[in-house]
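All letters in the sequence shown, in the order written, are residues 634 to 746 by our numbering.
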Amino acid sequence: HARQINTLNHGEVVCAVTVSNPTRHVYTGGKGCVKVWDISQPGNKSPPISQLDCLQRDNYIRSIKLLQDGRTLIVGGEASTLSIWDLASPTPRIKAELNSTAPACYALAISPD
């Protein structure tokens, strides 16, 4: 059965969430950023270990997808751009951006190949 393992204080509305496998990191998307949390210690009330500033700061993150390798994060939201993050670098950084004609991205799916 399900049980609560942690409470994360993102600070404002959260519009998107993804969890790494194994369950070590949680990524929460809100206004203009994704916050990265280490949940390896249940009940730990620590602040986020990182904040990934993306899109325009006034736009909300609406979709987050972590690739199976755990090293790449794709972020979309209320902008015409998807940000592809390199999480393997010492400091996470945007390694590419994809422009779209759509005004927003509310969902992401990744093909396994």
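We treat Cβ as the ideally placed atom computed from N, Cα and C, and that holds for glycine. Since the model is a prediction, treat every value here as computed from it, not as a measurement.
Exposed unless 16 or more other CB atoms sit within 10 angstroms - verdict on residue i
{"i": "A712", "result": "buried"}
Through-space distance from residue j to residue i, alpha-carbon basis
{"i": "G710", "j": "H634", "result": "32 Å"}
{"i": "I727", "j": "K698", "result": "14 Å"}
{"i": "A729", "j": "S716", "result": "6 Å"}
{"i": "G644", "j": "S744", "result": "33 Å"}
{"i": "Q637", "j": "T734", "result": "40 Å"}
{"i": "R657", "j": "G665", "result": "23 Å"}
{"i": "G676", "j": "D746", "result": "36 Å"}
Distance between beta carbons of residue j and residue i, contact taken as under 8 Å
{"i": "L685", "j": "P725", "result": "6 Å"}
{"i": "W670", "j": "P681", "result": "5 Å"}
CB contact flag (residue i, residue j, <8 Å)
{"i": "C648", "j": "Y693", "result": "yes"}
{"i": "W718", "j": "L700", "result": "no"}
{"i": "N642", "j": "I672", "result": "no"}
{"i": "L741", "j": "T714", "result": "no"}
{"i": "V646", "j": "G663", "result": "yes"}
{"i": "C687", "j": "V659", "result": "no"}
Contact with chain C by residue i, beta-carbon distance below 8 Å
{"i": "S683", "result": "Here there is only one protein chain, and chain C is not present."}
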